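Below is one structure, written out as structure tokens; the observations come after it.
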Amino acid sequence: MEEKIMLDMLPKRTARSHKGIYGKVLCIAGSKNMAGAAYLCGYAALRTGAGMVRIFTPEANRIILQTLLPEAIMTTYEDRDSMLEQLTEAFSWADTVAIGPGLGKSDNSAVLLEQVMKKWNHPMVVDADGLNLLAERMELLEQHEGPLIVTPHVGEFSRLTGLTMKEISENIPGQAQAFAKAYHCICVLKDAPSAIGDPDRVTVNTTGNNGMSTAGSGDVLTGIIAGLLGQRMDAEDAARLGVWLHGRAGDLAAEREGTYGLLARHLIEYLPQAMRKGEES
Numbered sequence: 001m002e003e004k005i006m007l008d009m010l011p012k013r014t015a016r017s018h019k020g021i022y023g024k025v026l027c028i029a030g031s032k033n034m035a036g037a038a039y040l041c042g043y044a045a046l047r048t049g050a051g052m053v054r055i056f057t058p059e060a061n062r063i064i065l066q067t068l069l070p071e072a073i074m075t076t077y078e079d080r081d082s083m084l085e086q087l088t089e090a091f092s093w094a095d096t097v098a099i100g101p102g103l104g105k106s107d108n109s110a111v112l113l114e115q116v117m118k119k120w121n122h123p124m125v126v127d128a129d130g131l132n133l134l135a136e137r138m139e140l141l142e143q144h145e146g147p148l149i150v151t152p153h154v155g156e157f158s159r160l161t162g163l164t165m166k167e168i169s170e171n172i173p174g175q176a177q178a179f180a181k182a183y184h185c186i187c188v189l190k191d192a193p194s195a196i197g198d199p200d201r202v203t204v205n206t207t208g209n210n211g212m213s214t215a216g217s218g219d220v221l222t223g224i225i226a227g228l229l230g231q232r233m234d235a236e237d238a239a240r241l242g243v244w245l246h247g248r249a250g251d252l253a254a255e256r257e258g259t260y261g262l263l264a265r266h267l268i269e270y271l272p273q274a275m276r277k278g279e280e281s
């Protein structure tokens, strides 16, 4: 995963363009007391170049998210009926979906995941609580149609597969590709280093550092990948480039901030710098 090769994959931007060209990303994220995950996911998608981001989250999160991220559209719900009604409308708006960061495992969250897995057949990313819910409903993964990226860490992968963490850790690349083959998806198995598997090949990432082992780092990765999907990248390329950029931003942040004090928000702040050489070329 050489720098020039990865940066050459960045979606191209033209002089004559508008926000609609660069994708509409729907982030289904956050729950009560977990607004931060939705913020990090949405903010990362925007900073990766997505034209528009819409955060679908409980009403309790509206004020804090509108304050932290005024660039994003907010769609909030208070009960299941309003949630389902607004989800249908949001589907008609979006180009890609990211679901899971801070979502929780409530009944409403389970319904959201089920609706997305059954009704959304365009590019999507599933992470965090989306994966934890999916582990209890693997038939949804088997039935899903459309480009799908899952981004489990080793613990989440253990819940998805029933394998022990030791068994997984002994062969991260092999496990990522085996899962991708079994479920016809792209599997980003997060570790040090992470592996990106699809049914045909597996790639091991070359960027990142131990300072990125911090709360919210995975939410940022989900947003980055979703932002690239929104810009019409193939799912395989979006996963590989997303993981590489995530790690590269982490390396740039560590150079300035150190690894002990590195925060998830630093990854987003250094994303533009991580992409700059590709932009210049």
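Residue numbers for the sequence shown follow my numbering, so the first one is 1 and each next one is one higher. Using N, Cα and C, we set each Cβ at its ideal position, and we do this for glycine too. Predicted, not measured: the structure shown is a model, and the values here were computed from it.
For the beta strand (DSSP E) containing residue 253, name the first residue and the last one. Translated into the one-based positions of the sequence shown, residue 253 becomes position 253. Segment 235-257 is the alpha helix (DSSP H) holding residue 253; no beta strand (DSSP E) there.
Residue 213, buried or exposed, once every other Cβ within 10 Å from all chains shown has been counted against 16: Looking up residue 213 in the sequence shown gives position 213. Its Cβ having fewer than 16 others within 10 Å, residue 213 is exposed.
Tell whether a beta-carbon distance below 9 Å holds between residue 62 and residue 108. Residue mapping note: residue 62 aligns to position 62 of the sequence shown, counting from 1. Residue mapping note: residue 108 aligns to position 108 of the sequence shown, counting from 1. Their beta carbons are not under 9 Å apart, which means residue 62 does not touch residue 108 by this criterion.
Tell me whether residue 130 is buried or exposed, calling it buried when 16 or more other Cβ atoms sit within 10 Å of its Cβ. The residue labelled residue 130 in the question sits at position 130 within the sequence shown. By the neighbour-count rule (16 or more Cβ atoms within 10 Å), residue 130 is buried.
Which runs of the alpha helix (DSSP H) at least 4 residues long sit entirely within the stretch 145-222? Give them in chain order. 154-161, 165-169, 172-183
Look at residue 135 and residue 103 and say whether their C-beta atoms are less than 9 Å apart. As a first step, residue 135 is located in the sequence shown; it is residue number 135 there, counting from the start. As a first step, residue 103 is located in the sequence shown; it is residue number 103 there, counting from the start. No, the pair does not count as a contact, with Cβ atoms beyond the cut-off.
Would you kindly work out how many angstroms separate the C-alpha atoms of residue 227 and residue 244, rounded to a whole number? Translated into positions along the sequence shown, residue 227 becomes position 227. Translated into positions along the sequence shown, residue 244 becomes position 244. Pairing residue 227 with residue 244, the inter-Cα distance amounts to about 14 Å.
Can you check whether the CB of residue 183 is closer than 9 Å to the CB of residue 142? In the sequence shown, counting from the first residue as 1, residue 142 sits at position 142. In the sequence shown, counting from the first residue as 1, residue 183 sits at position 183. Yes.
Leaving out five residues on either side along the sequence, give the residues of the same chain with a beta carbon under 8 Å from the beta carbon of residue 163. Within the sequence shown, residue 163 is the residue found at index 163, counting from 1. The answer, listed in chain order, is 157, 175.
For the beta strand (DSSP E) holding residue 124, just list the boundary residues, first then last. Within the sequence shown, the letter at position 124 stands for residue 124. From DSSP, the beta strand (DSSP E) with residue 124 extends over 124-126.
Pairing CB atoms from the stretch 93-100 with CB atoms from the stretch 13-28, are three or more of them under 8 Å? yes
Using 9 Å as the threshold, is the C-beta distance between residue 271 and residue 211 below it? Here residue 271 refers to the residue found at position 271 of the sequence shown. Here residue 211 refers to the residue found at position 211 of the sequence shown. No, the pair does not count as a contact, with Cβ atoms beyond the cut-off.
Applying the criterion that 16 or more other CB atoms from any shown protein chain within 10 Å of the CB defines a buried residue, is residue 138 buried or exposed? The residue given as residue 138 occupies position 138 in the sequence shown. Residue 138 comes out exposed.
What are the boundary residues of the beta strand (DSSP E) that includes residue 60? Here residue 60 refers to the residue found at position 60 of the sequence shown. Unbroken run through residue 60: none, as it is neither H nor E.
List the whole-angstrom C-beta distance separating residue 145 from residue 121, where the pair is believed to meet the contact cut-off of C-beta under 8 Å. Position 145 of the sequence shown holds residue 145. Position 121 of the sequence shown holds residue 121. 5 Å between Cβ atoms; contact.
Please decide whether residue 235 counts as near chain D, where near means a Cβ-Cβ distance under 9 Å. Looking at the structure shown, chain D is missing, and only one protein chain is on hand.
Compute the distance between the beta-carbons of residue 46 and residue 71, then report whether it is under 9 Å. Stepping through the sequence shown from its first residue, residue 46 is reached at position 46. Stepping through the sequence shown from its first residue, residue 71 is reached at position 71. Annotated as proximal: residue 46 and residue 71, with beta-carbon spacing under 9 Å.
Inter-residue spacing [alpha-carbon to alpha-carbon] between residue 195 and residue 267: Taking the first residue of the sequence shown as 1, we reach residue 195 at position 195. Taking the first residue of the sequence shown as 1, we reach residue 267 at position 267. Residue 195 and residue 267: Cα-Cα distance of roughly 19 Å.
For residue 31, is the classification buried or exposed, using 16 other Cβ atoms within 10 angstroms of its Cβ as the cut-off for buried? The residue given as residue 31 occupies position 31 in the sequence shown. With 16 or more other Cβ atoms within 10 Å, it is buried.
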